[in-house]
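Visitor: My questions will all concern the structure given below.
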């Protein structure tokens, strides 16, 4: 047992660096997915029918497609670098592709939540804004979204924990995160008896990071209804 703990402790710095990459990928995916998803969600209440239909279709596609499939597809679809001309290029490392791939389900999730939160605002708010009179853009930014945002925070935090756990799939496209670091450790140790302790250790990293979000989410939900 002491030898197992010593081995896990020895590999902890490498696992910590790998888990940091998981967090970076998750934050990037949530940031990109939230920004685009809010736009798609607001597009579903557009006055233009073609915009509503396009945003609804994009939401349904992204909500019902496995994130791992999207991740693989984008990993091979996106180039390794973007040429700028004059011999200059911008590299696209694997972790950037992982951010884009994992942001896809976030877009669908945020679209549904933004659409539901905005629709949950009483119609009197829209009528009062029209009576001022405010433009539709002013109504959304100054009246509707400030009231809808508190409804979005608890599910956003819950889904962030989901994306952190899903970020382990980035190892499938060559990203050196905690799961791939554990695999490298096991290949270096070549001791089958350490397989279960090593991957249980990885599980603990995810659990200890994600579990507090369930309590924080419940705290926000209690405050919302007070």
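Residue numbers (full-length UniProt numbering): 1 to 226.
We treat Cβ as the ideally placed atom computed from N, Cα and C, and that holds for glycine.
How is the alpha helix (DSSP H) around residue 83 delimited, first residue to last?
Guide: First-last for residue 83: 81-85, but that is the beta strand (DSSP E), not the alpha helix (DSSP H).
Visitor: Can you confirm whether the segment 105-115 touches the segment 34-48 when touching is taken to mean that 3 or more C-beta pairs between the two stretches lie within less than 8 Å?
Guide: Yes, the segment 34-48 touches the segment 105-115.
Visitor: Enumerated in chain order, which unbroken segments of the alpha helix (DSSP H) with a length of 4 residues or greater are wholly contained in the segment 92-133?
Guide: Fully enclosed alpha helix (DSSP H) runs of 4 or longer: 94-120, 123-131.
Visitor: From residue 132 to residue 139, what does the alpha carbon distance come to, in whole angstroms?
Guide: Those two C-alpha atoms are separated by around 10 Å.
Visitor: I'd like to confirm the pairing. Which residues does DSSP put opposite residue 90 in its beta bridges?
Guide: According to DSSP, residue 90 bridges with 82.
Visitor: So does the segment 158-173 actually touch the segment 206-216, counting three or more Cβ pairs closer than 8 Å?
Guide: Result yes; three or more Cβ-Cβ pairs closer than 8 Å.
Visitor: Excluding sequence positions up to five away, which residues of its chain have a Cβ less than 7 Å from the Cβ of residue 155?
Guide: Cβ neighbours of residue 155 beyond the five flanking positions: 113.
Visitor: So, with DSSP's three-state summary, where would you put residue 177?
Guide: Note: residue 177 maps to coil in three-state DSSP.
Visitor: Would you mind listing the alpha helix (DSSP H) stretches within the segment 42-70 that are 4+ residues and don't spill past its ends, in chain order?
Guide: 49-63, all fully within the segment 42-70.
Visitor: Among the residues of its own chain, which have a CB less than 6 Å from the CB of residue 227, if the five just before and after it don't count?
Guide: It is not possible to answer for residue 227, since the shown part of the chain is limited to 1 through 226.
Visitor: With contact counted as at least three CB pairs below 8 Å, one residue from each stretch, are the segment 168-188 and the segment 86-103 in contact?
Guide: Yes, they touch.
Visitor: Report all residues from its chain with a CB closer than 6 Å to the CB of residue 68; omit the five preceding and five following residues, and keep chain order.
Guide: These residues qualify, in order along the chain: 169.
Visitor: Does residue 135 come out as helix, strand or coil in the three-state DSSP assignment?
Guide: Residue state, collapsed to three classes: coil.
Visitor: So for residue 190, helix, strand or coil by DSSP?
Guide: Of the three classes helix, strand and coil, the one that applies to residue 190 here is coil, per DSSP.
Visitor: So, at 6 Å on beta carbons, what are the nonlocal neighbours of residue 19 in its own chain, with the 5 sequence-adjacent residues on each side left out?
Guide: So the qualifying residues of the chain are 178, 205.
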